[in-house]
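Shown next, in structure tokens, is the structure this report addresses.
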Amino acid sequence: MKFIQLHKQSVLTSALVIIFLFLSGLIFFYFEFQNSTLFLTIFILIVFGGIYFIVKINIKYLIRRQLRTVFGSSLFNTDISSNQKGLEKDFESLLNIIKDYTDTKHLEIEQLHDRDDFRKDFLGDVSHELKTPIFTAQGYILTLLDESFKDKKLQKKYLERAGKSIERLNFIVKDLDMISKLERGMDLNLVSVNIVQLISEVFDILDIKAGKKNIILNFNTFYEFPILVNADKERIEQVLINLISNSINYGKDNGTTTVSIQTYSKDQFIIHIADDGIGIPKKELGRLFERFYRVDKSRSREQGGSGLGLSIVKHIIEAHGQQVMVKSEIDKGSIFSFTLNKVL
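Note that the working numbering has the sequence shown beginning at 328, numbered continuously upward.
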């Protein structure tokens with residue numbers, strides 16, 4: 328209330344001063360100059376000068392009042408009689424608030440643009456990945472439906488190729504569903520898992536795949552007792568399948584894929600999957616876990632798969648609060664590693 332009264336008093340005082348000056352000037356100039364145009368000009372100057380003078384005198388009070396209304400009295404609680412230095416501090420505080428608010432909004436806008444760009448890129452990648460197997464299968468099926476096409480050997484070959492394209496399409500859809508669930512925050516079913524037994528089961532699943540390239544699946548461990556980790560068994564099985572399958576795909580014929588387990592810390596084990604394959608260029612290592620990213624696109628097409636395997640691995644391991652790592656040398660092979668918590 329005191330603030331408002333002081334403000335009204337200052338306005339009234341200023342107005343009375345302006346009225347007095349205006350009337351004095353009016354009388355003086357009327358008798359001094361009989362030129363009506365000059366008189367009108369001086370009249371306008373006095374009026375606008377008076378308005379400017381009132382605004383200039385009272386603007387700091389108006390500003391303070393608005394600042395108190397918007398930001399609360401705690402931010403601008405200096406007495407109304409504070410000097411110009413205090414007003415400058417208020418302005419500085421206001422500018423800092425506006426700057427912080429503006430920076431926040433700019434960041435939010437940039438994040439929205441980034442998400443929008445990412446969404447567009449992702450949809451483009453999905454469209455591209457889905458079109459290839461669909462069009463391939465469609466081409467073979469349409470050829471087989473042609474009544475003039477009667478070559479039995481080619482019919483079988485085309486059916487096999489169409490089947491592979493449909494199988495690849497199925498992989499992509501399943502992996503997209505998996506990564507969508509992981510990104511939405513799928514709940515993990517954490518249990519005590521015998522990781523040695525789980526690796527053995529994955530070897531059984533991939534034995535035929537490895538046999539086609541005459542690759543030996545080897546398991547090294549320094550422990551004679553069951554190694555128990557705290558994990559979601561189904562998800563970690565998916566991680567092992569993806570990583571070991573990758574090492575087979577990019578390993579050399581007649582080579583070896585070796586899985587080993589070591590102590591990483593007092594609370595963690597680390598699992599390594601090593602191959603003696605073609606290796607990965609250093610400049611590509613940082614992008615390996617991106618969706619649909621392939622180092623050797625032509626070879627990746629030949630191997631099939633969805634292009635989402637390593638991205639799924641990263642999501643699953645990070646959902647466990649762990650980390651996944653990779654080392655590689657050209658023509659010497661790659662080592663993918665991930666950590667898991669021990670059952671204590």
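The beta carbon of each residue, even a glycine, is placed where N, CA and C say it ideally should be.
- Here Ile-499 is buried: its Cβ has 16 or more other Cβ atoms, across all protein chains shown, within 10 Å.
- Within a 10 Å sphere around the beta-carbon of Leu-481 sit fewer than 16 other beta-carbons, which makes this residue exposed.
- Val-586 is not a Cβ neighbour of Leu-555, given a cutoff of 9 Å.
- The Cβ atoms of Thr-584 and Leu-544 sit closer than 9 Å to each other.
- Around the beta carbon of Thr-666, 16 or more other beta carbons sit within 10 angstroms, so the residue counts as buried.
- Minimum Cα-Cα distance from Glu-564 among the listed residues Pro-460, Thr-470, Gly-636 and Ala-464 corresponds to Gly-636.
- Nearest in C-alpha terms to Gln-649, of all of Asn-557, Phe-549 and Asp-478, is Asn-557.
- Under the three-state reduction of DSSP, Ser-527 is assigned to helix.
- In this chain, the alpha helix (DSSP H) harbouring Ser-572 covers 560-577.
- One alpha carbon belongs to Asp-531, the other to Gly-538, and they sit about 11 Å apart.
- DSSP places Asp-504 within a helical segment (H, G or I) once states are collapsed to three.
- Segment contact: the stretch 488-506 against the stretch 456-469, three or more CB-CB distances shorter than 8 Å; contact assigned.
- The straight-line gap separating the alpha-carbon atoms of Val-529 and Lys-593 is approximately 27 Å.
- In the structure shown, Phe-665 falls within a strand segment according to DSSP collapsed to helix, strand and coil.
- Rounded to the nearest angstrom, the gap between the Cα atoms of Asn-668 and Ile-571 is 21 Å.
- Leu-469 has its alpha-carbon roughly 37 Å from the corresponding atom of Leu-509.
- Rounded to whole angstroms, Ile-575 and Gly-604 show a C-alpha spacing of 8 Å.
- The three-state secondary structure of Phe-498, taken from DSSP, is helix.
- Sixteen is the threshold: when 16 or more other Cβ atoms of the shown chains lie within 10 Å of the Cβ of Arg-562, as they do, the residue is buried.
- Counting C-beta atoms within 10 angstroms of its own C-beta, Gly-512 has fewer than 16 neighbours from the protein chains shown and is therefore classed as exposed.
- Nearest to Tyr-550 by C-alpha distance, out of Met-505, Ile-522 and Ser-475, is Ile-522.
- DSSP places Leu-612 inside the alpha helix (DSSP H), whose first and last residues are 609-612.
- The criterion of a C-beta distance shorter than 9 Å is not satisfied by Ile-526 and Phe-552.
- The beta carbons of Ile-588 and Val-653 sit no closer together than 9 Å.
- DSSP, reduced to helix, strand and coil, places Leu-471 within a helical segment of the structure shown.
- Of Leu-486, Ser-475 and Lys-479, the smallest CA-CA separation from Gln-465 is found for Leu-486.
- Val-670 and Ile-600 have their C-alpha atoms spaced approximately 22 Å apart.
- When only Cα atoms are considered, Leu-471 and Lys-479 end up about 10 Å apart.
- Under the DSSP assignment, Lys-641 falls outside any beta strand (DSSP E), being part of the alpha helix (DSSP H) whose first and last residues are 636-646.
- With fewer than 16 other beta carbons inside 10 angstroms of its own, Asp-658 counts as exposed.
- Counting along the chain, Asp-658 sits inside no beta strand (DSSP E), nor does DSSP assign it H or E at all.
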